[in-house]
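Student: In my numbering, the protein residues as written are 1 to 102.
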């Protein structure tokens, strides 16, 4: 979601990769919806709003510290809402009783 937002704002794949600490190949896959397109995070309005704010911060030149702090806030929200739990339990059946995020 964040990589796509930055690309839509005309940031190059190389710069997106540098800012997010991922490979240019990963950014390319996000841009073509080969990664992340089926994520439940995309449909969550609160998380989307947080990602949109982070996008704006990055485009305004936020420091790496600020970017990381915002990422942590987003991760906490995702865990609090259990947004990845269903998928994790599908992939790892041994987690069916897991409640670590709550």
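Positions of the beta carbon are idealized from the N, C-alpha and C atoms, including for glycine.
Quick one: grab the DSSP three-state call for residue 10.
Tutor: In the chain shown, residue 10 corresponds to position 10, counting from 1. Residue 10 falls in the coil class under three-state DSSP.
Student: Can you tell me whether residue 5 is buried or exposed? The criterion is at least 16 other CB atoms within 10 Å of its CB, across all chains shown.
Tutor: As a working mapping, residue 5 is identified with position 5 in the chain shown. Buried, by the Cβ-count rule.
Student: With residue 95 and residue 86 assumed to form a contact (beta carbons below 8 Å), what rounded beta-carbon distance in angstroms separates them?
Tutor: For the purposes of this step, residue 95 is identified with residue 95 of the chain shown, where counting begins at 1. For the purposes of this step, residue 86 is identified with residue 86 of the chain shown, where counting begins at 1. With 8 Å as the limit, residue 95 and residue 86 do not qualify as a contact, their Cβ atoms being about 10 Å apart.
Student: Quick check on residue 62: does DSSP put it in helix, strand or coil?
Tutor: Counting from 1 along the chain shown, the entry for residue 62 is found at position 62. Three-state result, residue 62: coil.
Student: If the criterion is Cβ atoms closer than 8 Å, does the pair residue 52 and residue 66 meet it?
Tutor: Looking up residue 52 in the chain shown gives position 52. Looking up residue 66 in the chain shown gives position 66. No.
Student: Just verifying my parser: in three-state terms, what is the DSSP assignment at residue 98?
Tutor: The sequence position of residue 98 within the chain shown is 98, counting from 1. Coil at residue 98, not helix or strand.
Student: Kindly give me the distance between the Cβ atoms of residue 31 and residue 13, rounded to whole angstroms, as I take these residues to be in contact under 8 Å.
Tutor: Taking the chain shown and counting its residues from 1, the one referred to as residue 31 is at position 31. Taking the chain shown and counting its residues from 1, the one referred to as residue 13 is at position 13. Indeed they touch by this definition, with Cβ atoms about 7 Å apart.
Student: For the region 22–30 and the region 69–83, state whether three or more C-beta atom pairs, one from each stretch, are separated by less than 8 Å.
Tutor: No, because fewer than three Cβ pairs between the region 22–30 and the region 69–83 fall closer than 8 Å, the two stretches do not touch.
Student: Short of 7 Å in beta carbon distance, which residues of its chain neighbour residue 79, apart from the five on each side in sequence? Order them along the chain.
Tutor: Walking along the chain shown from the start, residue 79 turns up at place 79. These residues qualify, in order along the chain: 101.
Student: Can the beta-carbon of residue 54 be found closer than 8 Å to that of residue 43?
Tutor: Locating residue 54 in the chain shown gives position 54, counting from the first residue. Locating residue 43 in the chain shown gives position 43, counting from the first residue. No; because the gap between Cβ atoms is not below 8 Å, this pair is not in contact.
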